[in-house]
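Asker: Provided herewith is a single structure, encoded as structure tokens, for subsequent inquiry.
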């Protein structure tokens, strides 16, 4: 996953309300009405957060009658956490192995 894509996703994830929405969706699919009942903000605010999450593909949506059902994109969340784990770990394919080390290296 490219650094630009990870950075875009991290910007979306940087909002505490969006993180809470993702946490709520981690167990099961929920409709907007159920999500709204959990928060103390308006429906337009929820719509704003859901649009950001949908646009970034961190969640998916399907229509069920007149309801919109939302679900966490577990595959993408796993890719994000794996990429962050790679950054935090020195491994064989680490980008740090590609740089020339000068006099200041230990």
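In our numbering, the protein residues as written are 1 to 106.
Idealized CB from N, CA, C, for every residue including glycine.
#1: Three Cβ pairs or more, each shorter than 8 Å: is that satisfied between the segment 18-26 and the segment 70-80?
#2: Quick one: complete beta strand (DSSP E) runs, 3+ long, within the segment 21-78?
#3: Need the endpoints of the alpha helix (DSSP H) that residue 7 sits in, please.
#4: Verify whether the separation of the beta carbon atoms of residue 9 and residue 58 is less than 8 Å.
#5: How many Å lie between residue 31 and residue 61 at the Cα?
#6: Excluding the five sequence neighbours on either side, which residues of its own chain have a C-beta within less than 7 Å of the C-beta of residue 6, listed in chain order?
Answerer: Taking the structure as given:
#1: yes
#2: 59-64, 67-72
#3: Residue 7 sits at position 7 when you count from the first residue of the chain shown. That run of the alpha helix (DSSP H) goes 3-13.
#4: As a working mapping, residue 9 is identified with position 9 in the chain shown. As a working mapping, residue 58 is identified with position 58 in the chain shown. Going by C-beta atoms, residue 9 is nearer than 8 Å to residue 58.
#5: Start at 1 with the first residue of the chain shown, and residue 31 comes out as number 31. Start at 1 with the first residue of the chain shown, and residue 61 comes out as number 61. Rounded to the nearest angstrom, the two C-alpha atoms are 9 Å apart.
#6: Translated into positions along the chain shown, residue 6 becomes position 6. Hits under 7 Å: 80, 83.
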